[in-house]
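In my numbering, the protein residues as written are 693 to 1023.
All C-beta atoms, glycine included, are put in the ideal place defined by N, C-alpha and C.
Read through the structure below, which is laid out as structure tokens, and then see the notes.
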Ligand SMILES: [Zn+2]
């Protein structure tokens, strides 16, 4: 799983840093994957292989979430040159410019201000964010507020109000970072590329009622089909972590007819995943650890077994898991 591919910035405050890798790291990751004996194949082929139980081939699937412009402008030429198939899971509301890249808006607001005031009574009004440490703490606090304390639809209202107050243009932000429909069509026309669905408004499905969750998936599917002429067969849950996805959501996407759905639960594919391709794990190429040696470790699957144990232990002792630094929440 990847998000942005672009040259690294030098600013000390980069709370979304784990969501971007450099073009050089993308190239070396592909080289490492292949050097370890893994073929890079399309998600269609991978799901077929998984279901057929043919376990002798070692394979990897490259996916990019959300539909960022740099996927086309920076990653695509590299992937094309290396002949590596890949999938882009597009959130159609971002391409329509009606939805919110709220985590980027939050980053920009905090980066440019020394204090952030949310609505009165939210418990997080008047946060000081002068130093990098304060800015990071402020981002974490607002992230918790927006993903745990307020509902998904209120989250967008809060962010829109903040954007208004601090002069961030949400539509311009999507224009700057997310592909246009013409650009999505350019990728869609290449047999090397699979366009997958990622809902319309990028809500955490588990935090919506079943009807709203289903509507968000169906709207995303319809918009992609209208704009590209193809109905996506594969789906990625927004955020993809336990707070954002539950069994019910797997049932929703299964009923809609997707061939597979991917989460952000860290892990490599195992035979057990063949039984339920609606909750596939992924390996996030974390922008904070752009060392080709980590690719070799990921491919062994060992770090994810460790993650599961650490997460289980943290839950058991009621403490925040120390592994969150290595497996932070993604969007
Ligand atoms: Zn996403």
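For residue i, count neighbouring C-beta atoms within 10 Å of its own C-beta (all shown protein chains included) and say buried if the count is 16 or more, exposed if not.
i	result
residue 1022	buried
residue 749	exposed
residue 978	buried
residue 901	exposed
residue 699	exposed
residue 712	buried
residue 1000	exposed
residue 757	buried
residue 775	exposed
residue 706	buried
residue 822	exposed
residue 997	exposed
residue 848	buried
residue 985	exposed
residue 1019	buried
residue 915	buried
residue 759	buried
residue 806	exposed
residue 827	buried
residue 744	exposed
residue 693	buried
residue 988	exposed
residue 903	exposed
residue 992	exposed
residue 980	exposed
Start and end of the beta strand (DSSP E) containing residue i?
i	result
residue 973	972-974
residue 757	754-758
Which residue comes first and which comes last in the alpha helix (DSSP H) that contains residue i?
i	result
residue 736	735-744
residue 717	715-727
residue 831	824-836
residue 986	984-992
Is the Cβ-Cβ distance between residue i and residue j less than 8 Å?
i	j	result
residue 897	residue 935	no
residue 808	residue 802	yes
residue 974	residue 955	yes
residue 752	residue 770	no
residue 729	residue 893	no
residue 780	residue 888	yes
residue 857	residue 792	no
residue 869	residue 768	no
residue 735	residue 886	yes
residue 682	residue 754	For the chain, the structure presents residues 693 to 1023; residue 682 sits outside this window and is missing.
residue 913	residue 923	yes
residue 697	residue 762	yes
residue 704	residue 732	no
residue 925	residue 950	yes
residue 953	residue 942	yes
residue 873	residue 919	yes
residue 782	residue 695	no
residue 830	residue 819	yes
residue 708	residue 794	no
residue 908	residue 927	no
residue 789	residue 861	no
residue 969	residue 742	yes
residue 884	residue 797	no
residue 842	residue 787	no
Quick check: is any heavy atom of ligand 2 less than 7 Å from the C-beta of residue i?
i	result
residue 832	Annotation note on ligand 2: not contained in the displayed structure, which lists ligand 1 as its ligands.
Of all Cβ atoms in chain B, is any one closer than 8 Å to the Cβ of residue i?
i	result
residue 942	Among the protein chains of the structure shown there is no chain B, as only one such chain exists.
Starting from the N-terminal side, write out each stretch of the alpha helix (DSSP H) that is 4 residues or longer and does not extend beyond the segment 849-927.
-> 862-869, 873-880 and 902-920
List in chain order the residues whose CB is within less than 5 Å of at least one heavy atom of ligand 1.
-> 757, 758, 930 and 1023
Completely contained beta strand (DSSP E) runs for the segment 919-969, where each covers 3 or more residues = 926-928 and 952-958
Curious, which full-length alpha helix (DSSP H) runs of at least 4 residues does the segment 755-821 contain?
-> 768-773, 784-787 and 794-804
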